[in-house]
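The block underneath contains the structure these notes are about, expressed in C-alpha cells.
Residue numbers (my numbering), protein chains in the order written: chain A, 1 to 795; chain B, 1001 to 1161.
Printed below as a string of C-alpha cells:
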C-alpha cells in the first residue's frame, strides 16, 4: 500500500534533514574552480555628483584582477535595471521612470548606491583594493523624508522629475466620497507614519557568476525568490544575454520576505564581470552592506478621514498618502504603495465610498519595494487605527463598531468600491472565534491585576482582509504589470511510479517540498516519500514567476493540481487500453485505475511502467511517457483575513511595552499542512510585532546616512520579546482556486501591527492618548507619558 | 601558523593566518559550511559552535584560540559519523517545526544543546532568555522554544538511562 500523506496532514518536513545537519546548500556555501572574489564599492554620501573614479592604485594592489565602474557599463552599452510595473496618474500620464544604472553614472542617490566592483583573487585582497579606489564626489544636499522631498526648494534627485514626484496616483470615486463627507454625522481624522523597515532575512544576499566560453553560457547562482524572472529581466533587458544562454540558480535561500524578489544590480554586474575577466566570481554581502542595499519596506506618511453616520456606520473613507520610493524605482517599487494599498482600504467593511491619493516620491534613501505584506499592512494599519479612533470619539465599543460595519458572510462575493471583489470570507466568524480564544471576557480582571502592579494594560483588535495569490495576469496588466503572474508545474512520473515535480515557485522556508508533495501524494495516490519537488533552477524547471505575495500554494499549487489531473487523464487512456474498456468507464481512486463496476484494476505503477515500455500501448493515438505540465493563471486574487487580538502591558516608569498575549484567528481557506500554516502565522505575526514595537529604519536628515545600519541599531524581535501566541484558523473556501486555498504567508504581518498599536493606545487612553506611531519604543512611550497628565499610579 | 585541535572528534592540524576567524576557517578551509555567517556584529548567532563544550560565536573567535582545544560544529552534532541518526535536539526541532529557512538553525541548535546541558529543567523563560543571542526571522521563535524544551527533556531522559 502506498503511504499517502495528503491534504490536512502534518508530516514532518522533507527539507529539514539537510538544514538540521548543516548540509543546506546556500549560495555562500558553493565553491567553483578558480573562484575569484568581488566586492562592491558603495557611495558614502546620500546625494552627490560622481565626478570620476581613479582606479590606478586599486588596480596595482596585490591580487587585483579588475575594477569596473559605471563608465565600463556605459562603454558596453548595457541597459538600466528595469521596473516591472508602470503606474499612471488619474489623467493616464505614466509615472516618471528615470534610469537605474547597475553601477552609478554621473550621480549617486543614496548611501549604498554602487559605484564600482573590485575583483581580486581573495575577498581580503578585494577589500584592501577597494580602500585604494579614489572616488571624486561633489556632495549635494540630501533629502530623506517624503514631506521634505516634495517641498519647494528641496534637493532634486533627477532633472526631469519635478518635486521628486514619480507619480500622483489615485483610486476611487472622489466626488462620491466628498458628498458622503458632507452628510456625515461624525468625521474621524488621523495622521500617521508607517515606519520604514528593513527585511533582514538571516542569510545575507550573495551571488556567484560563471561564464563558460566553450558553450557561451552564463550561470548565476543567486539568493533569489524568482530565478526565472531574474533570467528574463537581467538577460533580456539589462545584459542582452539570450535566455537559452543564461542559467539562473537559486538553491537553498535563507529567508526572503520580499527582500530577495527583486532583480538587483549586483546580479547584473557580477554576471557581466564574469565574462569580462573569464573567471567565476563570488560576492557575499555583509549584514552592514545588506542594510544599505537590500530594498527597504513601508515608509508612508498618511492623512486619513473616516465619515460616519450617527449610528457609527461608515459612509466614506478618504486617504492621502506620501510613499517613499527611495533613490530609484526597484522591480515592483511603484506597485506596492498603490495597487497593493488602495484596493485594500475597504477592509472587511461595507464602506460604500473610498478615495485614495498616493504621491510616490523619490528620496535619497535605499529604494523601497515589497516587504512581507507589501502595501497591505500599510492599508490595514490606516483602516484599523481610524476605526478605533472613530469608536473612541463616538463612544461606541470597538468590537461593536466593527460588527456594525462588517460584510456579513452571506454577502459574499462582495464587490468593494476599490476594484477588488472578495470571493469568500467570514470576518464575523473570525472575530467571534478570536474573542473567545483571547478570553476577552476576563480582560477586566487582568487589567486590574496589572493596575495593582502599577502597569497599564490594553487590548487591541485588528479585523482585516488582504489580497494575495498574485496574480490574475489580465487584471494585473490593466494595473500596470509588465509581465504575467501565472505559475507552472511539471509532474514527471518515472517508469517505476515515483514522481518528480518541477515547479516555478521558490522554497525559502515555506515548506513547499512537503506541502506540494502532500498534494501529489493525495491526488495520485503515491507514497509521500516517493515525491520530490524541484525548484530554483532555470535549467531544470520549465518556467515560473517565483515566490512572493502568498502565491506559491494559491497559484503554483493550482498549476500542480492541474498537472496531476492531466496525469490521471492520460493514465485513464492507458488503463482503458490495457483493461480493454472504454475510457469513460475507467475510474481512478487511491492510486488505482479500475473499470467501473468490475474488479479489473491497474495500479499507478503499472500504468507508469506501461507508458515507458509501450509494447502493449495505443501508440497510434497516444504518446509514450507519463509527464504532464500545466500553467495556471488565477481568475482573481484570494482574500485571506481574520481577527487578531493583542494584549499589552505598559510600564509607565520606563515606557516599556510588553506584549503579554496574542491571539489570531485567520481564514486562509483550505489548509494543506496545519503545522506549516501555524509556523507561517507565527513568523508573520512576529514580523508585524517587530514593526509595531521595535523596528525602525532611521536616516539622518541632513547627510542621508542610515543611522540604523546594523543589528545593534535596528532592533529585531528576539525570543524573549514574545509570549506564546494562540493561532487558529476559521476557514471559508476560496471559490476560484482548485483546492479552495487562499495563502497564508503574509496574513500575520498584515494583521498584527494594528492590533498591537490599538492595544498600546487602549492601555494609555485614560491619559488622553489617541495615537502612537510605530515603533512604540520605550523612549517614545516614556516621552508621551511625560507630556500626558499622568495620574498617580494605582498602587 | 600551525594550529592543532580536535574538530568534531578528530585531531586536526591547519596552517592559517593568525587573523583568520574560526567561522571563516571552518567554511572556507575545512568545507564545513553548516556554520553560517549572518552578520558582522556578533548579533545573529548563526555561527555558534562549541569550544571546549561552551557555546561561542565563531565569527568573533580567532583561529589561534583553537590551539589544543576541542571544537564541535553542527556537522559533528549528530550520532555516529556517517550515520543519519540525529541528536535529540535536532529530532526535536524536526518534530516541532522549529525551523523554516534553515539559516539560523545550526546556531540555534548549538546554543540550545548548550543551554540544555547547562540547566536540567529549563523553563520557557530560561529558553527565551537563553536564545537572546540567536536571531530567527522566520519562525517567530514559538516553535523553536517548544523544540528546545522538548529536546532538552529528551537529552536529560537520555542521560538518565
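Ideal Cβ placement from N, Cα and C applies to all residues, glycine included.
Per DSSP, the unbroken alpha helix (DSSP H) holding residue 443(A) starts and ends at 443-452. A straight line joining the alpha-carbon of residue 1138(B) with that of residue 1100(B) spans about 6 Å.
Interface annotation, residue 1118(B): not in contact with chain A, CB-CB separation never under 7 Å. Per the coordinates, the alpha-carbon of residue 194(A) lies some 13 Å from the alpha-carbon of residue 368(A). Between residue 294(A) and residue 259(A), the C-beta spacing is below 7 Å. In chain order, 107, 108, 137, 138, 139, 140 place their CB closer than 8 Å to the CB of residue 48(A), counting only its own chain and leaving out the 5 sequence neighbours on each side. CA-to-CA, the gap between residue 659(A) and residue 264(A) works out to about 36 Å. By the criterion of at least three beta-carbon pairs nearer than 8 Å, the region 9-27 of chain A is not in contact with the region 545-558 of chain A.
The beta carbon of residue 718(A) lies closer than 8 Å to none in the same chain, with the five residues before and after it left out. The distance from the Cβ of residue 609(A) to that of residue 495(A) is about 6 Å, consistent with a contact at the 8 Å cut-off. Residue 99(A) counts as exposed, since fewer than 16 other C-beta atoms from the protein chains shown sit within 10 angstroms of its C-beta.
Residues are counted here when their Cβ sits less than 9 Å from a Cβ of chain B; for the region 647-677 of chain A these are 675, 676, given in chain order.
Assigned with DSSP and collapsed to three states, residue 333(A) falls in helix. One thing to note: residue 67(A) has its Cβ within 7 Å of the Cβ of residue 116(A). Distance between residue 45(A) and residue 309(A), taken at the CA atoms: about 51 Å. Per DSSP, reduced to three states, the secondary structure at residue 23(A) is coil, with no helix or strand assignment. The alpha carbon of residue 1156(B) has as its nearest neighbour, out of 1107(B), 1143(B), 1092(B), the alpha carbon of 1092(B).
Around the C-beta of residue 530(A), 16 or more other C-beta atoms lie within 10 Å, and the residue is accordingly described as buried.
Restricting attention to beta strand (DSSP E) runs no shorter than 3 residues, the region 278-338 of chain A encloses them at 281-284, 296-308, 314-326, ordered along the chain. Chain B has no Cβ within less than 7 Å of the Cβ of residue 757(A). Counting along the chain, no beta strand (DSSP E) covers residue 349(A), and no H or E run does either. Within the same chain, and ignoring the five residues on either side of residue 1042(B) in sequence, the residues whose Cβ sits closer than 8 Å to its Cβ are 1057, 1059, 1060.
Taking every protein chain shown into account, the CB of residue 344(A) has 16 or more other CB atoms within 10 angstroms, so this residue is buried. Checking the DSSP bridge columns, you'll see residue 646(A) partnered with 460(A), 662(A).
Taking a C-beta distance under 7 Å as the contact criterion, residue 728(A) and residue 665(A) qualify as a contact pair. By the Cβ neighbour-count rule, residue 33(A) is exposed, with fewer than 16 other Cβ atoms within 10 Å of its own. For residue 400(A), the uninterrupted alpha helix (DSSP H) segment begins and ends at 398-405.
Residue contact check for residue 718(A) against chain B: a CB pair falls below 7 Å. Residues of chain B whose Cβ lies closer than 8 Å to the Cβ of residue 711(A) are, in chain order, 1039, 1041, 1043, 1044, 1135. As DSSP reads the structure, residue 725(A) sits in a beta bridge with 662(A).
In this structure, the beta-carbon distance from residue 210(A) to residue 274(A) falls below 7 Å. The bridge partners DSSP lists for residue 167(A) are 360(A). The beta carbon of residue 755(A) sits closer than 7 Å to those of 460, 461, 462, 644, 645, 646, all from its chain and outside the five residues before and after it, given in chain order. One Cα belongs to residue 527(A), the other to residue 434(A), and the distance between them is close to 37 Å. Of all C-beta pairs linking the region 615-629 of chain A to the region 485-503 of chain A, three or more are shorter than 8 Å, placing the two stretches in contact.
Taken in chain order, the members of the region 280-308 of chain A whose beta-carbon sits within less than 7 Å of a beta-carbon on chain B are 286, 287, 288.
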